[in-house]
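So that you can map any letter, position 132 of the sequence shown is 131 in numbering that gives the first Met the number 0, and since no number is skipped, the others follow by simple counting. Quick reminder that beta carbons are idealized off the backbone N, C-alpha and C, glycines included. These figures come from a predicted structure and were not determined experimentally.
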Amino acid sequence: MSGKANTAVVETAASPHQLILASAGTGKTYRLTNHYVGLVLSGVAPERILATTFTRKAAGEILGRILELLADAVRDENKRKELAEELPEVNTESSHILATLVELTRNLDRFQVRTLDAFFAHLGSLFGLDLGLPAGWAILEEREAREQYAEAIGRLLEGAEGEEWVELLRHLQRAAARRTHEAMLATVGEVRALWLESGAGPWDWLTAPEALEQERLATALDKMDAAPPPLTQAGAPHKRWVTGHATLMENARARDWSAVLSGGPVKSIVEGKTSYSGATIPDEVIEAWEVLKQQAAHVLLGEIVRQNAATVRFMSEFEQLLAELRSEEGGLRFEDLPRALAPGGTGADADADDPLASRQLNMWFRLDGRLDHLLLDEFQDTSPLQWRVLARLAEEVLSCGEMDAHGNATRSFFCVGDVKQSIYGWRGAEPALLEGLGGTDGRFPVLEPEHLEESYRSAPLILDTVNRVFSELEGCPAFVTDAPQVCAARAWLGVFKPHVSAKKQLPGSASLFEAPYHEENAERVAAVLDLAV
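Have a look at this one:
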């Protein structure tokens, strides 16, 4: 059970690698567990298998199922036969399974069934010097991490000239319901997450058009103002149009372009509509907006350009101060580890002349020699930064074509996920990584996606209800007036496949409830929807 001897991959398909897109209840954990058991029964040492997931509970459940599957096969002949059917190329004699189980239970510390955070922390403890981590580093508790942020912000503001940084923080702050201090920490944390993924480059990509000449601006405003109101069938001016047009002109002449775009006739024009509140929008208004939109873009995009430039200055200094605090105190946040581990650094700190680069490369070479099999659970919740770390391992495993004496591949890649179940967006999860992983146009064409849609968990009636609701999202009345939500619904339908129950006779019931709308919760609901889409 040690070394690299007999490290055969037990898949009977042409490729030893698997990419499984599995809906809820379709047996993805069962497949992952069977794959792991097949490896250890083939003689693969557990320390040469890395299985990752997203919670400690899930990691514990996977490990428990592995041991339970082996134990059941030892004490129950029917279970052993079921295992033999699942793994026909593996020695599933009772004595061999028992010997494997005994060996594994004696060496539980050699199992690498971990959360991603735990795996990154493990690498940090092994290769801290190569990664440039402070001596004796430790992961900060949440309270300590908040204090570290507060200290870095305090030092930055102490050295700031005038109100520049304070004004930026006010501009970034979106959580007005919280206390100022808490909102500041939360805002900086959100921006830092984006910064670590992107680096400074993308923050400079946006440009604003030139300002509209004052004469053209005035002419367009006058044209919009003078547009004749649409008439009702009785020949009277359309009242709602008159009210909406008056508000539009008030905002436009005040140069409040955000208000102009947020409602009224212009919002309808931008959405591709030809009417507003039941009235046809006059051609004069549409033509005037074609001119005025340049000025609106100049003002609104210009504000974002200035905000982005200030963000780059702020985050560059903030990161430097955090690095000083890490060096002084040895305290790291969980996100600091994948940033240090990512090959070549992240966008925020990538540097071809980095003196740590050669040591980091040496670390990856040594790590590659320790792992042969990579099993990724719940991949839809992986962030781009986390994937930068895992991708290096995946590339090595997937590029290896070595065979053992029996003609079996010596390395394997197993990945399972479901973009519909991504729930860690607040931690940077990017389900699109799963969509772009395999297939003809994917990053790794050798991975042919396998879809699991037959549920062993739910009754047919439940799944029929799910299918009816989610297969018609694009036409949902709540979405039809909101372009971002319509786009999100279309994206959802692009990956949604009807669910089927494997338990045809299982009884069940389903009820649908309409959530009441409360005006006082409007901002909170809007924030949730923004995160969702």
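Look at residue i and residue j and say whether their C-beta atoms are less than 8 Å apart.
i, j, result
"Gly127", "Leu336", "no"
"Thr91", "Leu31", "no"
"Gln293", "Leu211", "yes"
"Ala207", "Val269", "no"
"Ala134", "Gly330", "no"
"Phe53", "Thr114", "yes"
"Ser457", "Gly507", "yes"
"Thr310", "Val187", "no"
"Leu216", "Phe317", "no"
"Pro15", "Ala408", "yes"
"Val415", "Lys27", "yes"
Where do the ends of the alpha helix (DSSP H) carrying residue i lie?
i, result
"Thr464", "459–469"
"Pro133", "Element bounds for Pro133: n/a, residue is neither H nor E."
"Leu310", "Note that residue 310 corresponds to Thr in the displayed sequence, not to Leu. Looking at the DSSP string, the run of the alpha helix (DSSP H) that includes Thr310 is 282–328."
For my contact list, residue i and residue j are in at a C-beta cut-off of 8 Å; report their separation, rounded to the angstrom.
i, j, result
"Ala120", "Asp376", "About 18 Å; that fails the 8 Å criterion."
"Arg47", "His498", "With 8 Å as the limit, Arg47 and His498 do not qualify as a contact, their Cβ atoms being about 36 Å apart."
"Val388", "Leu340", "5 Å"
"Arg442", "Leu436", "6 Å"
"Leu374", "Phe333", "Their Cβ separation, rounded to whole angstroms, is 21 Å, which puts Leu374 and Phe333 out of contact at 8 Å."
"Val259", "Ala251", "5 Å"
"Trp256", "Ala226", "Wrong, their Cβ atoms sit about 19 Å apart, outside the cutoff."
"Leu472", "Leu492", "6 Å"
To which residues of the same chain is residue i closer than 7 Å at the C-beta, ignoring the five residues directly before and after it?
i, result
"Pro264", "Gly243, His244, Leu247, Tyr275, Ile280, Val284"
"Pro515", "none"
"Ala509", "Leu460, Ile461, Thr464"
"Leu125", "none"
"Pro448", "Leu18, Leu20, Gly437, Gly438"
"Thr273", "Thr279, Ile280"
"Ser382", "Arg426, Gly427, Ala428, Glu429"
"Glu143", "Gly330"
Using only CA atoms, which one of the options lies nearest to residue i?
i, options, result
"His180", "Glu146, Trp204, Ala207", "Glu146"
"Trp194", "Met314, Ala287, Leu211, Lys27", "Met314"
"Gln232", "Pro483, Tyr455, Ala278", "Ala278"
"Leu384", "Glu76, Arg109, Ala192, Leu370", "Ala192"
"Asn466", "Arg79, Ser500, His450", "Ser500"
"Lys222", "Gly437, Thr310, Trp288", "Trp288"
"Ser326", "Arg254, Ala137, Ala72", "Ala137"
"Leu139", "Gly158, Asp116, Gly131", "Asp116"
"Arg239", "Ser257, Gly262, Gly26", "Gly262"
"Leu38", "Ser94, Glu85, Lys56", "Glu85"
"Ser470", "Gly301, Ala487, Phe495", "Phe495"
"Pro229", "Ser197, Trp202, Asp282", "Asp282"
"Ala537", "Glu81, Glu88, Ile96", "Here the chain covers residues 0 to 532 and nothing more, so residue 537 does not appear."
"Phe378", "Leu366, Val418, Asn33", "Val418"
Who are the near neighbours of residue i in its chain, counting only those whose CB is closer than 8 Å to its CB and skipping five residues on each side?
i, result
"Leu511", "Thr464, Val468"
"Phe118", "Leu49, Thr51, Gln111"
"Ala149", "His180, Leu184"
"Glu286", "Lys222"
"Ile422", "Asp380, Ala428"
By the DSSP assignment, the beta strand (DSSP E) with residue i in it spans what residues?
i, result
"His372", "372–375"
"Gln17", "17–21"
"Ala50", "48–52"
"Arg442", "First-last for Arg442: undefined, no H or E at that position."
"Glu449", "448–451"
Determine, using beta carbons only, whether residue i comes closer than 8 Å to chain C.
i, result
"Ala514", "Absent here is chain C; the protein component of the structure consists of one chain."
Can you list, in chain order, the residues of its chain with a C-beta nearer than 6 Å to that of residue i? Leave out the 5 residues immediately preceding and following it.
i, result
"Arg173", "With a pLDDT of 44 at Arg173, under the threshold of 50, the modelled position of this residue cannot be trusted, and the question is left open."
"Leu321", "Ala151"
"Pro354", "Because the pLDDT at Pro354 is just 49, under 50, the model does not fix this residue reliably, and the value given afterwards should be weighed accordingly. Once the five neighbours on either side are set aside, Pro354 has no close Cβ partner at all."
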